[in-house]
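First comes the structure, then the notes that go with it.
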Amino acid sequence: MGSDWLLSEKLWATPQDRNSRLQQPERTCAFRTTLRQPRPLRQQIPPPTSRSLSTEAFAMADIDIKIAQWKLVEIGRVVLIRRGPYTGKLATIVEIVDHRRVLVDGPSTEENKIVPRHVLPLAHATLTHFVIPQLPRAAGTGPVKKLWQKSEIDSKWAQSSFAQKTERAERRKNLNDFERFKVLRLRKQARFEVQKAHAKLRAAAPKS
1 MGSDWLLSEK LWATPQDRNS RLQQPERTCA FRTTLRQPRP LRQQIPPPTS RSLSTEAFAM
61 ADIDIKIAQW KLVEIGRVVL IRRGPYTGKL ATIVEIVDHR RVLVDGPSTE ENKIVPRHVL
121 PLAHATLTHF VIPQLPRAAG TGPVKKLWQK SEIDSKWAQS SFAQKTERAE RRKNLNDFER
181 FKVLRLRKQA RFEVQKAHAK LRAAAPKS
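First residue of the sequence shown: 1, per the UniProt record's numbering; consecutive thereafter.
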């Protein structure tokens, strides 16, 4: 079919058409064999025009490093008992039995807060920040009581925020219905006073 088409073109085409067709490049259907250039890799090294990093650009600030105050299980550490018949009372560690139990003794100055010497699981106690210094290991109740009074553990504990918070929660827990109603009224009155003061400040503020 291609030869017939070329023959008909040669027969019927004018000399000018034949000359123009001969000057055109022949059409080919060859596939392009050139491969695509690979994408350039991202430049990892900074260009030479950028500022080079140096140790002079970073100045070490004055840092005040303090030793962390860890509450360790040690001889003389005062603990707060959280479970058992002596819940809410203080005692001090006089001997470490193993990694789960300690021997405690609580010779408090108040009769209703005395804790007799017994083995206490660490899971039933909370370590406090108070430590009786220079307490001998496995000391008797007499020396423990003297150092307890000398360190003023009871007064220091009463002044701590944790003891005050615990006391408020215990007092709130033991309220009757009428006392809870009075607390509700007082809280409502305090909230009203706060909202009233806030409204005055907003009214006095200049309007933009």
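The beta-carbon is built from N, C-alpha and C at its ideal position, and this holds for glycine as well.
Bear in mind the structure is a predicted one, so any value in this text is a computation, not a measurement.
Asked, Found
"Own chain partners of A125 with C-beta closer than 7 Å, once the 5 adjacent residues on each side are dropped", "V79, L80, I81, R82"
"Per-residue DSSP class, three states only, for P85", "coil"
"Inter-stretch contact (C-beta, 8 Å, three-pair minimum) for the region 97 to 109 and the region 156 to 176", "no"
"Assumed close pair V73, L127 - CB separation to whole angstroms, cut-off 8 Å", "7 Å"
"Euclidean distance between Cα positions of R171 and F130", "24 Å"
"Enclosing alpha helix (DSSP H) for G106 [first to last residue]", "Careful: G106 lies outside any alpha helix (DSSP H), inside the beta strand (DSSP E) at 101 to 106."
"R137 in three-state terms, based on DSSP", "coil"
"Exposure of K188, with buried meaning 16 or more beta-carbon neighbours within 10 Å", "exposed"
"Under 8 Å between C-beta atoms of V119 and V97", "yes"
"Alpha carbon of A90 to alpha carbon of T109, nearest angstrom", "It is worth fixing the name first, because residue 90 is Leu in this sequence and not Ala. Approximately 11 Å, taken between the alpha carbons."
"Limits of the unbroken beta strand (DSSP E) element including I96", "90 to 96"
"Close Cβ partners of R100 (< 7 Å) along its chain, the five nearest in sequence each way excluded", "P121, L122"
"Cβ-based burial, L135 [other Cβ within 10 Å; buried from 16]", "buried"
"Where V125 sits in the DSSP three-state scheme", "The sequence shown places Ala at residue 125, rather than the Val named in the question. Here A125 sits in strand by DSSP."
"Classification of F58 by the beta-carbon crowding that lies within 10 angstroms, buried from 16 upward", "Per-residue confidence for F58 stands at a pLDDT of 46, beneath the threshold of 50, marking its modelled position as unreliable; no derived number is given."
"DSSP bridge partner residues for R185 (one or two, in chain order)", "Looking at the DSSP assignment, R185 forms no beta bridge with any residue, so it has no partner."
"Rounded C-alpha distance that separates V144 from K113", "15 Å"
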